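Here is the structure we will look at, set down as structure tokens.
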Amino acid sequence: MKKTLLPAQSQFTPDFIGTKFISIAIGTFLIFNFSLLIGGSAQSIPINIGTQNPSMPVGGYTICGTMENLEMLKQQDPRLEARMAAIEEQTQEYIKNNPQKTQGVVVKIPTVVHVVYANATQNISDTYIKQQIDVLNKDFRKLNADWNQTPSVWTSLVADCEIEFCLATKDPSGAATTGIKHTSTTVASFSPTTDKVKYTAQGGDDIWNRDKYFNLWVCNLGSSGLLGYALFPGVAAAIDGVVIDYRSLPGPPTYAPPYDLGRVATHEIGHWFNLKHINGNTTCGDDLVTDTPTQDKLHQSATSGSTGPPTGCFTVPYHVNACSGSTNGEMTMNYMDYTDNKCMFMFTAGQKARMLAALNGTRAGLLTSAAANCAGVTGIYELSLSDHISIYPNPSTGEVSIATLSTINSMDLKVYNAIGEVVVTKKINVPASGETKINLSSNPDGIYLFQVKTSEGTITKKIVINR
Ligand SMILES: [Zn+2]
Numbered sequence: 087m088k089k090t091l092l093p094a095q096s097q098f099t100p101d102f103i104g105t106k107f108i109s110i111a112i113g114t115f116l117i118f119n120f121s122l123l124i125g126g127s128a129q130s131i132p133i134n135i136g137t138q139n140p141s142m143p144v145g146g147y148t149i150c151g152t153m154e155n156l157e158m159l160k161q162q163d164p165r166l167e168a169r170m171a172a173i174e175e176q177t178q179e180y181i182k183n184n185p186q187k188t189q190g191v192v193v194k195i196p197t198v199v200h201v202v203y204a205n206a207t208q209n210i211s212d213t214y215i216k217q218q219i220d221v222l223n224k225d226f227r228k229l230n231a232d233w234n235q236t237p238s239v240w241t242s243l244v245a246d247c248e249i250e251f252c253l254a255t256k257d258p259s260g261a262a263t264t265g266i267k268h269t270s271t272t273v274a275s276f277s278p279t280t281d282k283v284k285y286t287a288q289g290g291d292d293i294w295n296r297d298k299y300f301n302l303w304v305c306n307l308g309s310s311g312l313l314g315y316a317l318f319p320g321v322a323a324a325i326d327g328v329v330i331d332y333r334s335l336p337g338p339p340t341y342a343p344p345y346d347l348g349r350v351a352t353h354e355i356g357h358w359f360n361l362k363h364i365n366g367n368t369t370c371g372d373d374l375v376t377d378t379p380t381q382d383k384l385h386q387s388a389t390s391g392s393t394g395p396p397t398g399c400f401t402v403p404y405h406v407n408a409c410s411g412s413t414n415g416e417m418t419m420n421y422m423d424y425t426d427n428k429c430m431f432m433f434t435a436g437q438k439a440r441m442l443a444a445l446n447g448t449r450a451g452l453l454t455s456a457a458a459n460c461a462g463v464t465g466i467y468e469l470s471l472s473d474h475i476s477i478y479p480n481p482s483t484g485e486v487s488i489a490t491l492s493t494i495n496s497m498d499l500k501v502y503n504a505i506g507e508v509v510v511t512k513k514i515n516v517p518a519s520g521e522t523k524i525n526l527s528s529n530p531d532g533i534y535l536f537q538v539k540t541s542e543g544t545i546t547k548k549i550v551i552n553r
């Protein structure tokens, strides 16, 4: 049978942030006009963004600066390529010798999160750092509820990667730690080009020994829309970790929809464990994984800067595979694609094999580190609904904010006064900012009960109004 081959679609290469020029037309909506250097020639893709979202970086999202960063590092470090080639050899050897694609044990990775902040908004609370770790532990253990949305043709490939992350309980000197370091900085925003966030002397926070800890930096990556970057195995010890923008974490009040469910970190940590992008970073390229389909490009919805659906996820199967002609389409739901956070929900067994190769190769120090640095930590931070909904300030002078995670789309609010009378009844469709304000300034001072009912349950919080 003759295979149907679609013409290769225009290659959107968001890693190259330096090549993006933006013009903004202001009307009832914003039109972002991306001029992208594609294969040396400029191509304009007008993108209609229906409403202005104040938390959305101007110009949409760059998603991931990992490959751009790697090219720069190769220039600076002439031996990096040779080291990476040796690691690739070890990787292939490990995969060949471990065809079962399991190590039969879950490995806990001691993790330190460096929160480097220039203002209070960037100083992400420990609650939401734990929520981020929780997302990782679900995604890497196939405990994420949405993995079963994987098309049936690929469900058998979805992997429990047998990797968990725990916030370190001991720092490099052996002292007790929460595994979260908050460091204030005068640096307004950080960039992968200079990588200052990894150096205390440059306004960041020094790495903890990469052979004993996974280092995750959370900081402001500026307004270019860059949400994160990672380093592949083989790079210098001082920089060997993952950096994500503070807006990509799963928690209010700092949203960056549609990349705010914590899966920017999942994607970047995939790189840190030696995974390439699903298209091998070029049209129909090789990601060195045997069970992922060859793919012509990385996919983004139009709101985030490409030519996909205006919002949301790609239909499945997403067209006839432009490289192979397979009617199974493309694996847009893989964490190593660029789809919206809610549209990606799986690593394959082949990707897992590469990650285990890294864990048993260059990253093997972590295998023995957990006992010392994760003592007493389960690794799973299952948060209650009350951690997903913040009602503040308390006490308040009248205006009360309700902030939610973006997994919550609507709420039924009832506010009771001290004698049990309902003073507010409101159905709230949670706005993109995730924050709703309730004004009680016409009510007398006193204690009020806020009852918030959501699809995930109901919580009640006591708020004092005191002017
Ligand atoms: Zn990436």
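Residue 87 is where the sequence shown starts when you use this note's numbering, and the numbers rise one by one after that. Where a beta carbon is used, it is the ideal one built from N, C-alpha and C, also for glycine. Predicted model, so just to flag it, every value in this text is computed and none were measured.
Starting from the N-terminal end, write out each residue whose C-beta falls within a distance shorter than 5 Å of any non-hydrogen atom of ligand 1.
After applying the 5 Å Cβ criterion, the set is 150 and 152.
Beta-carbon contacts of residue 426 that lie in its chain and below 6 Å, excluding the five residues immediately before and after:
So the list reads 344 and 387, once near-sequence residues are dropped.
Taking 6 Å as the limit between beta carbons, can you name the residues of its chain near residue 368, skipping five residues before and five after?
There are no such residues.
Sequence ranges, beta strand (DSSP E) only - wholly within the stretch 209–276, length at least 3:
As for any beta strand (DSSP E) of minimum length 3 sitting wholly inside the stretch 209–276, the runs are 249–253 and 266–270, ordered along the chain.
Buried versus exposed, by CB contacts within 10 Å (16 or more), residue 506
The residue is exposed, with fewer than 16 neighbouring Cβ atoms inside 10 Å.
Determine which residues share a DSSP beta bridge with residue 431 and list them.
Paired residue(s): none; residue 431 is not in a bridge.
Under 9 Å between the Cβ atoms of residue 323 and residue 354?
Going by C-beta atoms, residue 323 is not nearer than 9 Å to residue 354.
N- and C-terminal bounds of the beta strand (DSSP E) containing residue 302
For residue 302, the enclosing beta strand (DSSP E) has its first and last residue at 300–305.
Once the 5 residues before and after residue 209 are set aside, which same chain residues still bring their CB inside 8 Å of it?
So the qualifying residues of the chain are 201, 203, 268 and 270.
For a test of the three-state rule: what should DSSP assign to residue 63, helix, strand or coil?
The requested residue 63 is not part of the displayed model; the chain covers only 87 to 553.
Determine, using beta-carbon pairs with one atom in the stretch 212–228 and one in the stretch 398–416, whether at least three such pairs fall under 8 Å.
Counting Cβ pairs under 8 Å, fewer than three are found: no touch.
Quick one: what does DSSP say residue 187 is sitting in, helix, strand or coil?
Residue 187 falls in the coil class under three-state DSSP.
Note down, one range per segment and in chain order, each alpha helix (DSSP H) of at least 4 residues found wholly within the stretch 405–449.
As far as the stretch 405–449 is concerned, its whole alpha helix (DSSP H) runs of at least 4 residues are 435–445.
Relative to the C-alpha of residue 372, which residue among 409, 392, 521 and 399 is closest?
Looking at the Cα atoms, 409 is the closest of the given residues.
Is the distance from the Cβ of residue 297 to the Cβ of residue 449 below 9 Å?
In this structure, residue 449 lies closer than 9 Å to residue 297 by Cβ.
Is DSSP giving residue 203 helix, strand or coil here?
Residue 203: strand per DSSP, three-state reduction.
Among the residues of its own chain, which have a CB less than 7 Å from the CB of residue 179, if the five just before and after it don't count?
Cβ-Cβ distances below 7 Å link residue 179 to nothing in the same chain once the five nearest sequence neighbours on each side are left out.
Test item: CB-CB of residue 308 and residue 276 under 9 Å:
Yes. Within cutoff.
Do residue 199 and ligand 2 come close, with the Cβ less than 8 Å from some heavy atom?
In terms of ligand content, the structure shown lacks ligand 2 and carries ligand 1 instead.
What's the C-alpha gap between residue 366 and residue 486?
Cα-Cα distance, rounded: 48 Å.
Could you give the DSSP three-state label for residue 534: helix, strand or coil?
For residue 534, the three-state secondary structure derived from DSSP is strand.
Residues that DSSP places opposite residue 521 in a beta bridge
Note: residue 521 sits in a beta bridge opposite 489.
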